[in-house]
Every structure is written in C-alpha cells, then in structure tokens.
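Under UniProt numbering, residues 1 to 414 are what the sequence shown spells out, in order.
All C-beta atoms in this analysis are idealised placements derived from N, C-alpha and C, irrespective of residue type, glycine included.
Here the structure is a predicted model, which means the values were calculated and not measured.
Reading through the structure tokens given below for one structure.
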Amino acid sequence: MHLFTVGVNHTTAPVSIRENVAFQNERLGSALRDLNSHGIREAAILSTCNRTELYCNTDNPQKALEWLASYHKLQPQAIEPYMYTLPQQDAVKHAFRVASGLDSMVLGEAQILGQMKQAVRIAENAGTLGTLLHKLFQRTFSVAKEVRTNTNIGANSVSLASAATRLAQRIFGDISQQHVLFIGAGEMIELCAEHFAAHRPLSLTIANRTLERGQELAASINGQSMLLADLPDRLAEFDIVITSTASQLPIVGLGMVERAIRSRKHKPMFMVDLAVPRDIEPEAGELDDVFLYTVDDLAQVVQEGMENRQEAAAEAEAIIDTRVENFMHWLKTRSAVPTIRALREQAEQYRINELEKAQKLLARGDDPVQVLEALSNALTNKLLHGPSHVLNSAEGENRDQIEAMLRQLYQIHH
C-alpha cells in the first residue's frame, strides 16, 4: 500500500494557478473514475477555494500529477512548481492537519472538515475508495474531532466572512449606510450574508441563477433576491459586492464594472471575490474606484487575528503526531497481511493432508490411539521442519539472529 497526496494549496500557489486545477463537485465522480482508469488504485479529490488535493494509493504519484494536468488541459510543467507530493507518513499527517483546520488560511476554521467529508462521500459513491483510503479518512475525521474537542483551535476563528466584513468597515467606515449584493447562494455566501446582516446595511440582495434558491436565503436575512441575468443593469446600485459561485467562467466582467462605476459617478465600490475559479475579472481591480479583493488578499486580514491561537495549534500538532504514529503502525501491520495469510494457508494444507491420512487409517480399522499419535507427530514435524531446517543451515551472526527470532516467534523463554 503506497499512500501519496499530490496537490496545491494557498501557501504554494496563487489563486491564478489554483483556479486552473479546481474541480466542481458535480464532476468529481467522473473525474475520479477517470483517474482510477489511469492506473491509480484508490483516489479521493479534495477541491476547495484554498486547495486541490489528490489522495491516492499508487506506486507512481507522478502519474497522478500528469493526470491532473491533462484533465485540466494544462502542461505538467505549468503546475509542477506549485505542487507538493507527500509520501506515506507525510500524507497521513497532512490529511490530519487539513481536517483539523491547521493547514487552512483561517487557522482552525471548521468548514474544511465538512468539505473533506463531502469529498470522501463522492469518492465512496464513485467506487474509488479501498481499504487504505477508507481507514485514512476514518482516522482523519476522528483526529479532527479529538483536536477540536481538546484544544481551542476553533475558538473565535476569524473566518473569511468576518474578514470581508472588517475590510468593508475599513473602506466605508459604516456598513449600515451601504447597499450590499451577494452573488451565489452557497455556504460561503450564507456565512457572509449573516456577518453583513448583523451590521444592518441599507439593503441586502442575493443574486442567483434561480430565484427560488436566492429567495430562500434572502428571506433568512430580510433581504431581496434578483436573477443573475439582471446583474448588468443593476450592478451600479450596490456599494459592496461579495461573490462566490461555482461558475467556471467570470460572471462580472471588466466592462460591466466600468459601466457601473460610470453610472455611480465614481462612488467607490468594494468587491470581494471568494470564488475559485474567480467570478470577477481581475482587471476590474485596476479601476480607480474599485477595491477588489480575492481569497488570497483576505489572508492578510485573517493573519491579524491569529496570534492567540498559536498555543492551541501547538497542542493540536502534538495530538496529530501521536495519531500519525498509530496510523503508521496500522499500515505496517497491513503490509504483513499477505505473509500471515500464506503462513496460515500452508499450515491449513498440512492439517488437511494429515487429517485425510488419519481418516483413511481409521476407515481401514487401525487403532484410533495410534492414528491420533501418528497425526499429531506428523503435524508437529511438518510445522517445525521449515524453522528447524533454516536454523540448522544458518551460520555465524546470521544463526544467532535467526535463533533469537525463533525464540521470540515461539515465545521460548529458557
């Protein structure tokens, strides 16, 4: 069993690279089956705005990296400098750290655990999880639970949503005098909407492809909903725009923002693009009256609230190190399974052979006591012939080692 994690995250690659290797959840199942058909025995893919990672059971992690590039129609060398390949123990530790929120842009955030569980569910349904990954993720989730229960890692976590709110306050001073637009209706938008709603802005609007989903979220924050199709005509109404959709292409283009700024008579507009791939064309951020922030920009704001959680992080790392050792022990015992199985099969074959001989002798009318004596003698000789022969044939230091090993195997204490 060869466990590897191949991936990129917010510390190794900017959003311009991460968006090129991101996966939408709807396509993950077929992507996993495709990866499987390329000779990767087991696989799960975790793709969020901060990371794309392939967890694999394979002898050849390079094959996984090449598959990732070709699946996204990229040259391997275009992404290779940003990628990491973590073998065995490093991959286990990484999975535990990711699920516990220690590898997140926002230290200790809880959202990643849900995203990881969903990635595992998708892999399970796609049929690409085997013994190794099943066990890895089972342990991963129990370690994450242990870390969150026994440390303060998640306490007052500065989420991206609250970071966006704090930035908006810095730019406008008072959010209650602003009109706020949210594009999308997923979990991230829901979190942001709650944070902004607490500041009671002049208006809150949810723009979505379908009115139904937008209305549902709008109702929970006393806002309105609108169709994404109406965005070009209405963008100018909003001072603050937060967007996070699963769209593969930008939804808000440079031209749309230019027109909005003109009709706003150059009143500033604060825009936060939390999507990967990005929802807003990056060039819009170069306009004079536009303050455009991406996921990576928010990291700076998030850093400010991190000092008090370093102690909790150290406690969490200690828990993880212990659990990694436990998992590696399990992995090593798994590698001995084929030998144990072969040993048992050989012993079983001896037993069947001798039993058949004894049954024939009994059927012939031989004395049962003598038959049992012969059976037990033959079985003992057969089981001990191999070890005795190896020991008798060994010489010098090798003989001493084998003798010590046999004493340990057969628990001979004198």
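Look at serine 37 here: in three-state DSSP terms it is helix.
For aspartate 321, no beta strand (DSSP E) segment is defined; the enclosing uninterrupted segment is the alpha helix (DSSP H) at 310 to 335. Taking glutamine 401 as the centre and dropping the five residues before and after it, the same chain places no C-beta closer than 6 Å to its C-beta. Taking 8 Å as the cut-off, the Cβ atoms of alanine 197 and isoleucine 221 count as close. For arginine 51, the enclosing beta strand (DSSP E) starts and ends at 51 to 57. The shortest C-alpha to C-alpha distance from lysine 357 to any of Glu345, Ala378, Pro338 is the one to Ala378. Looking at the DSSP output, tyrosine 84 bridges to Gly7.
Taking the Cα positions, asparagine 125 is about 10 Å away from alanine 119. Phenylalanine 238: not part of any alpha helix (DSSP H); DSSP gives it neither H nor E. If you draw a 10 Å sphere on the C-beta of aspartate 174, you find fewer than 16 other C-beta atoms in it, and that means exposed. For asparagine 150, the enclosing alpha helix (DSSP H) stretches over residues 131 to 150. Rounded to the nearest whole angstrom, the CA to CA distance from arginine 341 to arginine 351 is 15 Å.
With 16 or more neighbouring CB atoms inside 10 Å of its own CB, proline 277 falls in the buried class.
By the C-beta density criterion, alanine 363 is exposed, having fewer than 16 other C-beta atoms within 10 angstroms.
With contacts defined as CB atoms closer than 8 Å, isoleucine 79 and isoleucine 17 qualify as a contacting pair.
In chain order, Val272 place their CB closer than 6 Å to the CB of tyrosine 293, counting only its own chain and leaving out the 5 sequence neighbours on each side. DSSP places histidine 195 in the uninterrupted alpha helix (DSSP H) bounded by 187 to 197. In the DSSP annotation of this structure, serine 104 is not part of any alpha helix (DSSP H), being labelled neither H nor E.
Between threonine 48 and histidine 266, the alpha-carbon positions lie close to 34 Å from each other.
Taking the C-beta atoms as reference points, alanine 164 is found nearer than 8 Å to isoleucine 242. C-alpha of asparagine 9 to C-alpha of glutamine 215: approximately 34 Å in a straight line. Within the DSSP secondary-structure output, alanine 44 pairs in a beta bridge with Tyr55. Setting aside the 5 residues that flank it on each side, valine 301 is surrounded in the same chain by Ala163, Arg166, Leu167, each with a C-beta closer than 7 Å to its C-beta; the list follows chain order. In the three-state reduction of the DSSP assignment, asparagine 208 falls in the strand class, which pools E and B. Beta bridge pairing from DSSP links threonine 165 with no other residue. The region 329 to 388 is shown to contain whole alpha helix (DSSP H) runs of 4 or more residues at 337 to 364, in chain order. The beta carbons of isoleucine 319 and asparagine 150 sit closer together than 8 Å.
Boundaries for valine 21: no beta strand (DSSP E) harbours it, and the DSSP string shows neither H nor E there. The region 217 to 273 contains, as complete alpha helix (DSSP H) runs of 4+ residues, the segments 231 to 234, 254 to 263 (chain order). By the 16-neighbour rule on beta-carbons within 10 angstroms, glutamate 373 is exposed. A Cβ-Cβ separation of about 7 Å places alanine 64 in contact with phenylalanine 4 under the 8 Å criterion. In this structure, the straight-line span from the alpha carbon of alanine 299 to that of leucine 274 is close to 11 Å. Note that the C-beta distance between arginine 200 and serine 225 is not below 8 Å.
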